[in-house]
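Numbering (this note's numbering), first residue to last: 6 to 233.
Notes follow the structure.
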Ligand SMILES: [Fe+2]
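As structure tokens, then:
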């Protein structure tokens, strides 16, 4: 699936990245990941690409990633795949939205995911990976040599861990799991800021300095990193 076509749309007050993903640039079917806001703009983008949106995938249910789920689902009929732990958040969005944002419409997820699933959607195979730490149910989607990783890992940064359910040790282990499982050249399409690769972040990301050390030790291939 080397022809994977990923289009990024930065939406809303928090500048969240929504992605329209299809098997190649000629495909007329696509999925949308984390439609966070500006539903009309996302629907217009799908129309101008000439794609029908066949599924809505969510990495996690912070409001900036789900604000446009209900209107996009209503307009397309696409089923929504939601982290199982965070389903109640999607179902009662405004309860979790800080003052000054929204209003956003709640949605009852059509499917829930816990990680470990494989999905075939719009002619693409997605692996679903459980990557908690930024939020308790956070998922990363692997497809065609790329990761759609929400708020796990950013260019030069990582997801914040000070929100409910956040934990740095957990997030670090999630990042380690991705680095161990996928090649360094794997493209990372994050929930905020620009595209990067796993290898680039392992080499340069200041938040991964401990991980860098532990993965470069001789035992790294087999043993979990020693934690102090
Ligand atoms: Fe988030």
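Every residue gets a Cβ at the ideal spot worked out from N, C-alpha and C, and that includes glycine.
As the structure is a prediction and not an experimental result, all values here were calculated from the model.
* To do: Look up residue 139 in the DSSP assignment and say whether it is helix, strand or coil.
  => Collapsing the DSSP output to three states places residue 139 in coil.
* **Euclidean distance between Cα positions of residue 155 and residue 29** => Each residue's Cα considered, the two are about 22 Å apart.
* Asked: Secondary structure at residue 281, three-state DSSP: helix, strand or coil?
  -> Residue 281 lies beyond the residue range present for the chain, which begins at 6 and ends at 233; the question has no answer from this structure.
* Just reading off the beta strand (DSSP E) that residue 59 is part of, what are its end residues? -> Per DSSP, residue 59 belongs to the beta strand (DSSP E) from 57–62.
* Enumerate in chain order the residues of its own chain whose CB-to-CB distance from residue 44 is below 6 Å, with the five nearest sequence positions on each side excluded. => So the qualifying residues of the chain are 73, 76, 77.
* To do: Give the C-beta separation of residue 110 and residue 98 to the nearest angstrom, bearing in mind that I take them to be a contact with Cβ-Cβ under 8 Å.
  => Yes, residue 110 and residue 98 are in contact; Cβ-Cβ is about 7 Å, under 8 Å.
* Is there contact here, the segment 138–153 with the segment 193–200, by at least three beta-carbon pairs under 8 Å? -> Yes, the segment 138–153 is in contact with the segment 193–200.
* Asked: Smallest Cα separation from residue 116: which of 127, 101, 104, 92?
  -> The candidate whose alpha carbon is nearest that of residue 116 is 92.
* To do: Could you check the C-alpha separation between residue 128 and residue 27 for me, to the nearest Å?
  => Straight-line Cα distance between these residues: approximately 8 Å.
* To do: Kindly indicate which residue of 9, 162, 126, 216 has the alpha-carbon position closest to the one of residue 61.
  => For the residues 9, 162, 126, 216, the minimum Cα distance to residue 61 belongs to 126.
* Asked: With respect to the alpha helix (DSSP H) encompassing residue 181, which residues constitute its N-terminal and C-terminal limits?
  -> Boundaries of the alpha helix (DSSP H) harbouring residue 181: 173–186, taken from the DSSP string.
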